[in-house]
Amino acid sequence: MSDTRILFGFHAVLSRLRQHAASVQEILIDRDRIDARMKDLLSMAEGAGVRHMQVERSRLDGLAGVNGRHQGVIARVVDTPIPYKDIHDILESELEEPPFFLILDGVEDPHNLGACLRVADAMGVHAVIAPKDRAVGLNATVRKVACGAAETVPFIAVTNLARTMRELKDAGVMLVGTAAEEKQDLFNTRLDGPIALVLGAEGTGLRRLTAETCDTLVSIPMFGSVESLNVSVASGICLYEARRQRNAATLPQEA
Numbered sequence: 006m007s008d009t010r011i012l013f014g015f016h017a018v019l020s021r022l023r024q025h026a027a028s029v030q031e032i033l034i035d036r037d038r039i040d041a042r043m044k045d046l047l048s049m050a051e052g053a054g055v056r057h058m059q060v061e062r063s064r065l066d067g068l069a070g071v072n073g074r075h076q077g078v079i080a081r082v083v084d085t086p087i088p089y090k091d092i093h094d095i096l097e098s099e100l101e102e103p104p105f106f107l108i109l110d111g112v113e114d115p116h117n118l119g120a121c122l123r124v125a126d127a128m129g130v131h132a133v134i135a136p137k138d139r140a141v142g143l144n145a146t147v148r149k150v151a152c153g154a155a156e157t158v159p160f161i162a163v164t165n166l167a168r169t170m171r172e173l174k175d176a177g178v179m180l181v182g183t184a185a186e187e188k189q190d191l192f193n194t195r196l197d198g199p200i201a202l203v204l205g206a207e208g209t210g211l212r213r214l215t216a217e218t219c220d221t222l223v224s225i226p227m228f229g230s231v232e233s234l235n236v237s238v239a240s241g242i243c244l245y246e247a248r249r250q251r252n253a254a255t256l257p258q259e260a
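Letter by letter, the sequence shown follows residues 6 to 260 in my numbering.
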């Protein structure tokens, strides 16, 4: 029997309609919201043959929960098959460039995880890896904040993060962790080969064993007065620098 769940918010619902319309069972919309954005969504749903219903906003509030900002739209969907079950599926697939991973060590805030997935999608990361325990999973809030990236970037939750990291090392992937106190900085570190960037949880950073398993630790250069960055912001900086180097490595050299 297929598992069903809800998606809420325009980005998450539109992304599912574009990519897996057949998995959308129905869409519930706020009967009092009939603006251009809603009309566009309904037009797409009708074109895909997806049933939609106008309901009271209170019903949407109840489905989304206390912290669910549904924007007047909720979809009931059937979970789609995950294309990759573990890191080996990705490592053994026909990648067009060296493996590129983001490892998150115990991120508990769903907004941070959603934002990390969004930037991972933008920078072409092959998968986001995180521990199953003491970390947030792919809940409805994460999917909404990710704006569709939770449907496109493989998210692999592992039982033993340190063991998975060692398996990546055995496969030739360099593990680069972040730590504010390190003298070696991100911009002076080579990131264009097989790599996994490893970032820690909000406030606490990398756990000891995670840090010890990394090949190297680097800091993010800071030029202002703040001493630390949100993990999703830090992920964006690290992934962008890695993508910049990877793209530069593929450019033809001048004679």
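Backbone N, C-alpha and C fix where the C-beta goes; we use that ideal spot for every residue, glycine too.
Whole-angstrom distance between residue j and residue i, CA atom to CA atom
i: Gln24; j: Pro159; result: 14 Å
i: Glu232; j: Gly208; result: 11 Å
i: Ile95; j: His131; result: 7 Å
i: Leu100; j: Val178; result: 14 Å
i: Gly229; j: Val150; result: 28 Å
i: Pro115; j: Leu143; result: 8 Å
i: Arg38; j: Glu156; result: 26 Å
i: Gly153; j: Thr164; result: 25 Å
i: Ala260; j: Ala253; result: At Ala260, the pLDDT of 47 sits below 50, so the modelled position is not reliable and the matter cannot be decided from this model.
i: Leu33; j: Pro226; result: 46 Å
i: Ala185; j: Ala176; result: 28 Å
i: Leu173; j: Ile92; result: 8 Å
i: Pro199; j: Val60; result: 49 Å
i: Leu191; j: Gly241; result: 12 Å
i: Val236; j: Leu214; result: 19 Å
i: Leu12; j: Asp138; result: 23 Å
i: Ser98; j: Lys44; result: 40 Å
i: Asp220; j: Asp126; result: 25 Å
i: Ala50; j: Val83; result: 16 Å
Residue j beta carbon less than 7 Å from that of residue i
i: Ala201; j: Leu180; result: yes
i: Thr183; j: Leu196; result: no
i: Val141; j: Leu109; result: no
i: Ala17; j: Arg148; result: yes
i: Leu244; j: Met58; result: no
i: Val29; j: Arg42; result: no
Closest residue to residue i among the options (Cα-Cα distance)
i: Glu31; options: Asp37, Leu47, Ala41, His16; result: Leu47
i: Ala145; options: Thr194, Pro104, Ala80, Pro136; result: Ala80
i: Gly14; options: Leu22, Asp35, His75; result: His75
Residue range of the unbroken beta strand (DSSP E) whose run includes residue i
i: Arg81; result: 78-83
i: Met227; result: Note, Met227: premise wrong, no beta strand (DSSP E); not H, not E.
i: Thr9; result: 9-13
i: Asp110; result: 105-110
i: Gly241; result: Not the beta strand (DSSP E): Gly241 falls in the alpha helix (DSSP H), residues 236-255.
Limits of the unbroken alpha helix (DSSP H) element including residue i
i: Leu214; result: 213-218
i: Leu204; result: Element bounds for Leu204: not the alpha helix (DSSP H) but the beta strand (DSSP E), 200-205.
i: Leu96; result: 92-96
#### Entry: Inside the segment 114-188 only - alpha helix (DSSP H) runs reaching at least 4 residues
For the segment 114-188, the full-length alpha helix (DSSP H) segments reaching 4 residues or more read 115-127, 145-151, 166-175 along the chain.
#### Entry: Residue ranges of each beta strand (DSSP E) within the segment 18-83, 3 or longer
29-35, 56-60, 78-83
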